[in-house]
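Enquirer: Here it is: the structure, laid out below.
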Amino acid sequence: MRPPEEMPPSTPPQQPPQVPRRRNVRRFRVIIGLVVLVGFILLLSVRGLAGFYTDYLWFDSLGYASVFWKVLWAKIGLGLLFTAIFFVLLWVNLFIAERFASKSQLPGPAEDVAARWHQLTGRRRGLVRLGVSLILALMVGAGVSGRWQEWLFFINATDFDLADPQFGRDVGFYLFRLPFLTFLVSWVFAAVLVTFIFTAIWHYLNGAIRLQAPAGSRVMPQVKAHLSLLLGILALTKAVGYYFDQFELTLSTRGFVDGATYTDVKAQLPVLQLLMVISVFSFVLLVVNIWRRGFTYPVLAVALWAVIAGLAGAAYPAIVQRFQVEPSESTKEAPYIQRNIEMTRIALGIDGVMPREFNYVPTLTAEDIENNIDTVRNVRLLDPAVMQDTFQQTQGIKSFYDFRDIDVDRYEIDGKITQIVLAARELNPADLPTDTWETEHVAYTHGYGVAAAPANAVNANGRPAYALGDIPNVAIPGAEALALDEPGLYVGEGLSGYAIVGAQRDEVDFQDDDDRTESTRYDGADGVGIGGFLRRIAFALRFAEPNLVVSGEISGDSRILYNRDVADRVKLLAPFLDYDNDPYPVVIDGKVKWVLDAYTTSTQFPYAQRASTRAVRSGDLSRPHNYVRNSVKAVVDAHDGTVTFYIIDPSDPIAQSYARQFGDLFADGDPPIELQEHFRYPEDLFRIQTDAWGRYRITDPAEFYDAAGAWAVAQDPGDSIGQTTVETVRDATTGQIISTSEARISPQYLLFRLPGDDSESFVIFRPFVPFSEDDSRKNLEGFMIVHNDPDRYGQIEVFEIRSDQPIDGPALFNSNIQTEEEISERLTLLNQNGSVVRPGNLLLIPVENSLLYVRPLFIAATGPTAVPELQLVIAGIGSEVVIAETFEAALEKAIGAVDLALSDAASRATLGDVADDQADDTSSAGDDDAPADGEPDTATVSNLLERAARAFDRADTALRDGDLATYQEAVDEAQGLIARAARILEQAAN
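Next comes the structure, spelled out in structure tokens:
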């Protein structure tokens, strides 16, 4: 046996190989992550395709598929064109660079780089060139698709037949051609610059540029020629850019006013012309350098351009502005101020303002009132801002109905044109009875009807005396113009989401205050068919809603309604237009139609002043512009969703261009006259024009510079007595306060007869006071109105007040109210014991040659369910300021003993009366509909009590009018109805 020390060393037992579990887990996680990422990208792509497909279906359903394709092909065509141009430009230059590659490979770093580059690319060099060119082309060219509007303007340009005063070019050149041309020059410069950089890199990679070679041999001659030519093209492009830059001086903001002013014309323009010459000279030097050794000429050209551009381009105009213009600015700038005045008045549509004198008389007589009875009868006591709460509480009926906005219009009631306040009763999806998918999207699909009341009429409780309202909708006798045949509102303000119509189940048409539910089936034209499986998948992806695929409520006849907000609907169809902030409903032939004003705007009108940012604080017109026209009205049927665009100002060149671009979008001919009768001049445009008129009413440059005789829109008395509203302007980026000033009074739609006119006109109105930096001057100077009636639509008139004594403006009148002892005491008492006074809008009404101030006062209980009720009216004529329970009483108090019957509310039937009559038609008449002895009473307690309450309202009105017979009849009727309700309750208890 061998000793242990001679034994061979023992070998440890072989261990099985360790499986790299951590590495496998990590690899598995990476694979899972990649799968999830790819799936997410695919989902986004598929959702994007679904969104594109469903967008097309929506356009097609409205008959505007041609608009969809026109915009799409403009974007795609422009992107492809510029992508292709850059691709060819870069590919050709890279190909030339490879052809110029050095054949002699001398030792050195450059040759090592070239060798490695050739080894890396090998035979794939052409493929690499193709890939680099394609990737850069997509990066540089694809973004051009966003310029589709400028491109369509360029190829559909029209003339203004108006020349700019500096260069004599038609204004159409600046609006339609110059924006795209300046972009094109900038793009060409950038494309050639990128091409130059990558071409130089390509030469270096191919060994044609040797940075460490001896001087004179670092760049091959043909390479120098190639790069010199590219630099020459850059210089020539810059020269073209300077040529177009001189036209953009007409949009300069350097001087006292916008446009090419003294420094621009006398300093900046010559510098630009000099830079054009230098750029062309640089091009010549660079071309000549092709046949010379070295880069002396290119360096000289670039240095010369940099010096002139830096010193002359920036320093010289600044010196001229500081030392020549500022010491005598009014004299130097006078001719350019004159240009700005003329062009601004044209661009903002105030060149045709008709000035009129208003020879003020501080008193009103009973005869004046009688001669203007229709004006006084239509004083708008119901403030739309205050009435929103009242409408909601009295006509909302159910929590899922909502009045989002109260508008002002005029309709014929009892044979007279009457100013009314009205609002659509829209669906509020956020407050439905249940929050199931079926409830939100299948059962409750639409709002219901409209509520409307004469603007000066209230019932005994101070609430609106509705001419149209309730559910189902009821119109009082004499208000047939408001009667509705299609009360279902499937398109509205702020209506989001989607709805399914034509489902297996019926829709809820409405619920009244007795919880009675009526069903309906949609019979309108709106919607996209969703019966097919592919479409259901597409819409499920669009809305991220699987119920659209699996729900059994969707049948082959079902349609989906989406893009239901009226503003979103028209903006999707015509995104190139700007829009007003306030769509308003119009009742025509038993249908509700939404009207939305559309604007054509531009920032390119030469010498025109930019609209003030304080004039319109939100919406499309809050964006910069110096040209605006209300050339288009968009009309949307609230029931079937059809959209019609009417061009109402065919003289507008921008509208003419849009008509060429999108011939199928705009309706042929004028809007129907019954629609024109309800058109309103847009409030946002009126704000822009009144703000500008305060300054641009002055046509003399010297007076304009001194602001002598300038006006400002009157200060807003706000929603309180004795105080004005202060508004704050903040920086959009930092949020810091820039300035604070008193807010301006809002435009008001009013119905009155102007001095010298034979009949009343529906106008939009805004008063002026003298301009002052600190808002210290608040006396009335004049007012602007714009006609809304079809025969005079858009005519602007400004009345300048002539008076020997100062006249209180709205803010002064409002502050003076507080000094009246009787008014102050009554307001103090009313603002106690759980109630609050809410002042309505302060109205200024011209009557003959006098001015009537009116301010309604609403009383409301404190709390979220308050119902503001008109209880008091303040009236002012000259120095006389009075307060009374009604407008009629206030006028009688201010004028003297005069018999006034301004409101027809007391003599008109109420909605309750009409409802009672309709109930009587199905049973017996009046309170005689009580059942015969022994027969059951089929009336409901709530209906009987509601009718009793209306009877008591009529009794109160009759008692105030001294009509005791009618008072007793109404009381007896109410008592009979209450007795019937008591009997029904007793029978139910037994």
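Using my numbering, the letters of the sequence shown map in sequence onto residues 6 to 995.
Here a beta-carbon is modelled for each residue, glycine too, at the ideal position from N, C-alpha and C.
From a predicted model like this one, the values you see are computed outputs, not experimental measurements.
1. For D938, which residues from the same chain have a beta carbon less than 8 Å from its beta carbon, with the 5 sequence-adjacent residues on both sides left out?
2. Use the C-beta contact count for P482: other C-beta atoms within 10 angstroms, 16 or more gives buried, fewer gives exposed.
3. Going along the chain, which unbroken runs of the alpha helix (DSSP H) with 4 or more residues stay wholly within the region 748 to 800?
4. Is the region 376 to 385 touching the region 748 to 761, taking contact as three or more C-beta pairs under 8 Å?
5. Would the region 673 to 693 count as touching the region 179 to 190 if we require 3 or more Cβ pairs under 8 Å?
6. With H, G and I counted as helix, E and B as strand and the rest as coil, what does DSSP make of Y589?
7. Using the rule of at least 16 other Cβ atoms within 10 Å of the residue's Cβ for burial, across every protein chain shown, is I121 buried or exposed?
8. Please classify F87: is it buried, with 16 or more other beta-carbons within 10 angstroms of its beta-carbon, or exposed?
9. Return the first residue and the last residue of the alpha helix (DSSP H) that Q154 is part of.
10. For D410 and E874, what's the separation of their Cα atoms in angstroms?
11. Nearest CA to the CA of V591: which residue from N345, I324, Q681, S656?
12. Please report the residue range of the alpha helix (DSSP H) in which Y302 lies.
13. Within 10 angstroms of its Cβ, does A707 collect 16 or more other Cβ (buried), or is it exposed?
14. Please state whether DSSP places S333 in a helix, a strand or coil.
15. According to DSSP, is E825 helix, strand or coil?
16. Starting from L67, trace the beta strand (DSSP E) in both directions and tell me its first and last residue.
17. At 4 residues or longer, and completely inside the region 210 to 275: list those alpha helix (DSSP H) runs for me, N to C.
18. My assumption, with CB atoms under 8 Å, is that N586 sits in contact with G624. Please give the rounded CB distance.
19. CB-CB under 6 Å to A816, same chain, minus the five flanking residues each way: which ones, in chain order?
20. Do the region 345 to 354 and the region 261 to 271 touch if we need at least three Cβ pairs shorter than 8 Å?
21. Assuming P360 and E805 make a contact with CB atoms under 8 Å, what is their CB distance in whole Å?
22. Going by alpha carbons, who is nearest to W716 out of M789, I726, D673?
23. Give the secondary structure of Y651 by DSSP, where H, G and I count as helix, E and B as strand, and everything else as coil.
24. Could you tell me the boundaries of the beta strand (DSSP E) in which D602 lies?
25. Look at the alpha carbon of Y365 and the alpha carbon of S808, and state the distance between them as a whole number of angstroms.
26. In the structure shown, what three-state DSSP assignment does A984 receive?
27. Taking contact to mean at least 3 C-beta pairs separated by less than 8 Å, is the region 167 to 174 in contact with the region 250 to 259?
28. In terms of residues, what are the limits of the alpha helix (DSSP H) holding R344?
29. How should A89 be labelled, buried or exposed, when 16 other C-beta atoms within 10 angstroms of its C-beta is the threshold for buried?
30. Taking the C-alpha atoms as reference points, what is the distance between V859 and G529?
31. Look at the alpha carbon of G534 and the alpha carbon of F610, and state the distance between them as a whole number of angstroms.
32. Drop a sphere of 10 angstroms on the beta-carbon of E786, count the other beta-carbons inside from all chains shown, and report buried for 16 or more, exposed for fewer.
33. How is the alpha helix (DSSP H) around L143 delimited, first residue to last?
34. Nearest to V447 by alpha carbon, out of G467, G497, Q509, Q397?
35. Is there a Cβ from chain C that is less than 8 Å from the Cβ of D961?
36. Compute every distance between the C-beta of D573 and the non-hydrogen atoms of the ligand HEM, then say whether any falls below 7 Å.
Expert: The relevant details are as follows:
1. Here D938 scores only 49 on pLDDT, less than 50, and its place in the model should not be relied on; the value that follows carries that caveat. No residues qualify anywhere along the chain.
2. exposed
3. none
4. Three or more pairs of CB atoms, one per stretch, sit closer than 8 Å, so the region 376 to 385 contacts the region 748 to 761.
5. no
6. Taken through DSSP and simplified to helix, strand or coil, Y589 comes out as strand.
7. The question names Ile, yet the displayed sequence has Arg at residue 121. With fewer than 16 Cβ atoms within 10 Å of its Cβ, R121 is classed as exposed.
8. buried
9. 153 to 160
10. 18 Å
11. Of the residues N345, I324, Q681, S656, the one whose Cα lies closest to the Cα of V591 is Q681.
12. 301 to 312
13. exposed
14. helix
15. coil
16. Careful: L67 lies outside any beta strand (DSSP E) and carries neither H nor E.
17. 226 to 253
18. 4 Å
19. Counting only Cβ-Cβ distances below 6 Å, and skipping sequence neighbours, we find Q720, P722, T729, K783.
20. yes
21. 6 Å
22. M789
23. strand
24. 596 to 607
25. 5 Å
26. Look at A984 here: in three-state DSSP terms it is helix.
27. yes
28. DSSP places R344 inside the alpha helix (DSSP H), whose first and last residues are 339 to 352.
29. Looking at its Cβ environment, which holds fewer than 16 other Cβ atoms inside 10 Å, A89 is exposed.
30. 44 Å
31. 46 Å
32. buried
33. Taken as a continuous stretch (DSSP letters only), the alpha helix (DSSP H) holding L143 covers 130 to 146.
34. Q509
35. In the structure shown, chain C cannot be found, because there is only a single protein chain.
36. This structure lacks the ligand HEM, and indeed carries no ligand of any kind.
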